[in-house]
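Report on one structure; see the data block that follows.
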Amino acid sequence: MRVGEGDEAGAGGQARGEEDGGGRRAEGRRQEDKKNRRTEEKKNRRPEGLKTGRAEDRKNRRNTEEHRRTERNTEEHRGIQKNTEEDRRTQRKKGEHRGRQKNTEEDRRTQRKTEEDRGTQKKTEEHRGRYKKQRDRVQKTTAEDEEEEKRREDGEKRSTEEEYRRGERRKNREEEKRKRSRSRREGE
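Printed below as a string of C-alpha cells:
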C-alpha cells in the first residue's frame, strides 16, 4: 500500500464520484455552470450599450429609470402613451374632446343630477335613514321571532314535563286501585 492511497479512498472518494458524474452536489454545480454560461452568452450577444447586471438579464428587465425612459419612447412611437402625469392631462383633454368626462368633482355632480333625472336615486342621507328604518324593522321582527321560538320551546318543555307528571299520577292511581282491590279480596 502506497502512502496517501488510504487518503484517496476516504476523502478522495467524493472527488472520484464527481468525476464519474455521480452525487447531487455535482449535479447542482453542473446546472449552475450551465445557467451561468447561458447568461454570459446572452450578455455577449447584446450590443455594448445594453449590457446590464445579472438581475436585468432576465426577459423582464427591471424598470430602472433609464429603461422607463426608453420604454416610454418606444411606446409613444407606437402611439401608446404611458400614464405619466403629463400623459394623463393630455388623455383627459382627449377624453373631453370625445365627449367623455373624467370623474372630477364637477362631473360627479352632473352625473348625480342625470341619475336623479333618470329616476335612480343616489343613497343620500335621507335614503340611508329609510334603509336604517327598514333594517331596524327587520331586526325587530327577527328578535320577536326568536322570542316566539323560545316561548314555544319553553312551552314544549313544560308540556313534556306536565305529561310526565300526569303519567306518574296515572301510574300511582292505578297502583292504589290494585292495592285496594287486593286488600278487598283478602278481606273477603
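Heads up: the sequence shown begins at 422 in our numbering, then just goes up one per residue. In this text, a Cβ means the ideal position worked out from N, Cα and C, and glycines have one as well.
Along the chain, where does the alpha helix (DSSP H) that runs through residue 449 open and close?
445-466
Return the chain-ordered list of same chain residues with a C-beta closer than 6 Å to the C-beta of residue 579, the five sequence neighbours on each side being excluded.
none
Quick one: Cα of residue 459 to Cα of residue 509, how far?
41 Å
When we look at the beta-carbon of residue 422 and count the other beta-carbons within 10 Å, is it buried (16 or more) or exposed?
The predicted model places residue 422 with a pLDDT of 46, which falls under 50 and marks its position as unreliable, so this point remains unresolved.
Coil, strand or helix - residue 558 by DSSP
helix
What do you get for residue 429, buried or exposed, if any count of 16 or more other CB atoms within 10 angstroms of its CB means buried?
Residue placement at residue 429 cannot be trusted, given a pLDDT of 47 that sits under 50; the coordinates are not used to answer.
Which residues in the same chain have their Cβ closer than 7 Å to the Cβ of residue 439, if we skip the five residues on either side of it in sequence?
Reliability fails at residue 439, whose pLDDT of 45 lies under 50, so the model's placement of it is uncertain and no value is given.
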